[in-house]
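Enquirer:
Protein chains in written order, with the numbering used here: chain C, 79 to 383; chain E, 79 to 383.
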């Protein structure tokens, strides 16, 4: 197996993980959680989103969160921004990196951003330009890169077109979002085979949700194809508001377990991550659904017979 | 990706899945569950175990289960047998195939079978010989092929030695058990790289537990290395008696989802399998922990945002 020696984990729990949580987490709860994440060895935390509070009430305190967290040196604290207004708020709050986002699926883009794909480009272009002028790095997100809840299977060509436009705008990294968590390794391979001739593997990140339990298998395939950056969320957070099941992001702690056992270094301390997961578990008043957390709670004990 | 076109799924839920369940399932509950499994397109079901009831009270009714199920033509109904006494019972009950079992780890073998590895060989040899004389095919199980709860990492060489002895006895297929569910794809690759020069890939099956959520990733690696037979248990059954978490076998329905999405045929109808899972869920009075069952219960709904 040809595998990278080092992998970068980008923790998206405080944003992608929390955004659908019904239980409103108070600002100080988010801040102490992010502070506990900051001492795990992570080099990147997506702390919040500067979308209009009407859309994501849970993250309405983005500016306060960014201002109150204790910054670790060398750690990038990022936030999502949908437009110039969001960018202004993020810059004012002292964000290190901003993320712009859109979808590879026309229907999902319209449903999520309320604009066509073509009408989204100029908005993001403006944000990327202004962010760059402010000296910030910019991450692009493309969602529904393999399947869309409305359109079904998304051809890799559609993902390539949107990705090219984002790189032309000047983004520094592109995160490819398997938003609904239905992908299998053959599809990941097909997508990356289409993208890698056009983009440097080092400028791409994979962002898997785990609805069907295939996220780790998809990550292994991505690793074999040269991808070295993965998004994940502590505790597998990120499911639907009404979903008890495991439809969230791939769990950071389960990903760390696998990578470390495979001899791949992440610089992240799994024990420290589990402590941080216990903290947010308490705050959210619900058991986190990762395998590592189940084992920690004594629910997933190894069977000796 | 080089993948097989067809894969055989061997359902071990009624044996490996149930054996640690606290809730005693009445014989008729097992029989109607197995009957529902028989019409899913599965070609192999491990229905019970003829070990002494003292060790696994849940499976004390093995003979009655075998006698009462409605046999589908072409379907192999198998059972575990530890010794000649167990074999007699299994043959008398009309088993199609018997499985003998031992461990690649000395400590696990002693704990599980109460004998050293060397003292186990003659017992199994006798069983294989008599089963063959009775015209039955024999499956061999080697457990703890990657890690042992007592000895830790198990060198592939140890697995090879035990496997060779079992094939010399005349077993028709060998199932390699990753008993405690901690393996990662690099370890699976290392194991198979060591075994495949000695054994035909078609005579090997992989048996993964999913404690760390890595089973599907391990199966993909096994597929890429030419393995075409996999053991799984409906609903991911097979955890510890006191474990609420997902430490059981890889779930048949999650495996089927992935294989089918990868374009690999199994001959098994996922919808029929889910109906069978709902039946045993009712009988066990607890929600099964597979992703497909979570989705069916509306817990794992895809998130559209």
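Here a beta-carbon is modelled for each residue, glycine too, at the ideal position from N, C-alpha and C.
Note that the coordinates shown come from a computational prediction; the quantities given were computed from them, not determined experimentally.
Please list, in chain order, all residues of the same chain as residue 348(C) whose beta carbon is under 7 Å from its beta carbon, the five residues on each side excluded.
Expert: Excluding sequence neighbours, residue 348(C) sits near 331, 334, 335, 338.
Enquirer: Excluding the five sequence neighbours on either side, which residues of its own chain have a C-beta within less than 6 Å of the C-beta of residue 88(C), listed in chain order?
Expert: Counting only Cβ-Cβ distances below 6 Å, and skipping sequence neighbours, we find 122, 309.
Enquirer: Quickly, what does DSSP pair residue 226(C) with across the bridge? List them, please.
Expert: According to DSSP, residue 226(C) bridges with 230(C).
Enquirer: Taking just the CA atoms, how far does residue 274(E) sit from residue 280(C)?
Expert: Answer to the nearest angstrom: the Cα atoms are 34 Å apart.
Enquirer: Tell me the DSSP secondary structure of residue 167(C) in three-state form.
Expert: Residue 167(C) falls in the helix class under three-state DSSP.
Enquirer: Return the CA-CA distance between residue 105(C) and residue 143(C), expressed in angstroms with no decimal places.
Expert: Rounded to the nearest angstrom, the two C-alpha atoms are 6 Å apart.
Enquirer: Output needed in chain order: residues of the stretch 268–298 of chain C with a Cβ under 7 Å from some Cβ in chain E.
Expert: Those residues of the stretch 268–298 of chain C that come within reach of chain E (Cβ to Cβ, closer than 7 Å) are 289, 290, 291, 292, 294, 295, 298.
Enquirer: Determine the chain E residues that contact residue 332(C) at a beta-carbon separation under 9 Å, and present them in chain order.
Expert: Within chain E, the residues near residue 332(C) are 290, 291, 292.
Enquirer: Is it buried or exposed, residue 340(E), if we count other Cβ atoms within 10 angstroms and call 16 or more buried?
Expert: It counts as buried.
Enquirer: Are any of the Cβ atoms in chain E nearer than 7 Å to that of residue 339(C)?
Expert: So yes, residue 339(C) belongs to the interface.
Enquirer: Quick one: does residue 207(C) have its CB under 7 Å from some CB of chain E?
Expert: It does not: the Cβ of residue 207(C) has no partner Cβ on chain E nearer than 7 Å.
Enquirer: Would you tell me roughly how many angstroms separate the C-alpha atoms of residue 98(C) and residue 240(C), rounded to the nearest one?
Expert: Distance between the alpha carbons of residue 98(C) and residue 240(C): 26 Å.
Enquirer: I need the boundaries of the alpha helix (DSSP H) containing residue 105(C), first residue and last residue.
Expert: Its alpha helix (DSSP H) spans residues 105–116.
Enquirer: Are the beta-carbon atoms belonging to residue 147(C) and residue 176(C) less than 7 Å from one another?
Expert: Result no, Cβ atoms of residue 147(C) and residue 176(C) do not sit closer than 7 Å.
Enquirer: Would you verify that the beta carbon of residue 381(E) is, or is not, closer than 7 Å to some beta carbon of chain C?
Expert: For residue 381(E), the predicted structure reports a pLDDT of 44, less than 50, and the residue's modelled location is therefore unreliable. The matter cannot be settled from this model.
Enquirer: Measure the Cβ-Cβ separation of residue 249(E) and residue 216(E) and say whether it is below 7 Å.
Expert: A contact, by the Cβ cut-off of 7 Å.
Enquirer: Under the assumption that residue 84(C) contacts residue 342(C) (Cβ atoms under 8 Å), give the Cβ distance between them as a whole number of angstroms.
Expert: About 7 Å separates the two Cβ atoms, so the contact holds.
Enquirer: State the start and end residues of the unbroken beta strand (DSSP E) segment that holds residue 216(E).
Expert: Looking at the DSSP string, the run of the beta strand (DSSP E) that includes residue 216(E) is 215–221.
Enquirer: Starting from residue 71(C), follow its DSSP beta bridges and name the residues at the other end.
Expert: Because chain C is modelled from 79 through 383, residue 71(C) falls outside the range shown and cannot be assessed.
Enquirer: Mind pulling the chain E residues with CB within less than 8 Å of residue 264(C)?
Expert: Those within 8 Å of residue 264(C) in chain E are 79, 81, 339, 340, 341.
Enquirer: What are the start and end residues of the beta strand (DSSP E) that includes residue 150(E)?
Expert: Counting along the chain, residue 150(E) falls outside any beta strand (DSSP E), and DSSP gives it neither H nor E.
Enquirer: Answer yes or no: do residue 303(E) and residue 282(E) have a C-beta to C-beta separation smaller than 7 Å?
Expert: Contact: no.
Enquirer: Please classify residue 214(E) as buried or exposed, where buried requires at least 16 other C-beta atoms within 10 Å of its C-beta.
Expert: Residue 214(E) should be labelled buried.
Enquirer: Can you give me the C-alpha to C-alpha distance between residue 164(E) and residue 129(E), rounded to a whole angstrom?
Expert: Approximately 6 Å between the Cα atoms of the pair.
Enquirer: Can you list the alpha helix (DSSP H) stretches of 4 or more residues lying completely in the stretch 247–291 of chain C, in chain order?
Expert: Counting whole runs of 4 or more residues, the stretch 247–291 of chain C contains the alpha helix (DSSP H) stretches 263–273.
Enquirer: Please state whether the Cβ-Cβ distance between residue 124(E) and residue 93(E) is less than 7 Å.
Expert: It is a contact, given that the beta carbons lie within the stated cut-off.
Enquirer: If we ignore side chains and look at the alpha-carbon of each, how far apart do residue 265(E) and residue 325(C) end up?
Expert: Their backbone Cα atoms lie some 28 Å apart in a straight line.
Enquirer: Round the Cβ separation of residue 287(C) and residue 228(C) to the nearest angstrom and send it over; I've been treating them as touching at under 8 Å.
Expert: Not confirmed; about 16 Å, so no contact.
Enquirer: Pick out whichever of 183(E), 374(E), 174(E) has its Cα sitting closest to the Cα of residue 212(E).
Expert: With distances taken between Cα atoms, residue 212(E) lies closest to 174(E).
Enquirer: In its own chain, which residues sit with a C-beta less than 6 Å from the C-beta of residue 86(E), not counting the 5 before and 5 after it?
Expert: Cβ within range, chain order: 307.
Enquirer: Counting only C-beta atoms, is residue 180(E) closer than 7 Å to chain C at any point?
Expert: No - not a single Cβ of chain C is within 7 Å of the one on residue 180(E).
Enquirer: Determine the DSSP secondary structure at residue 129(E), reduced to helix, strand or coil.
Expert: Coil at residue 129(E), not helix or strand.
Enquirer: Taking just the CA atoms, how far does residue 169(E) sit from residue 116(E)?
Expert: Whole-angstrom Cα-Cα distance: 20 Å.
Enquirer: Determine the extent of the alpha helix (DSSP H) in which residue 303(C) is found, giving its start and end residues.
Expert: That residue, residue 303(C), is in no alpha helix (DSSP H); it is neither H nor E in DSSP.
Enquirer: If the cut is a Cβ gap below 7 Å, which residues of chain C does residue 303(E) touch?
Expert: Under the 7 Å cutoff, chain C gives no residues; its nearest Cβ is about 10 Å from residue 303(E).
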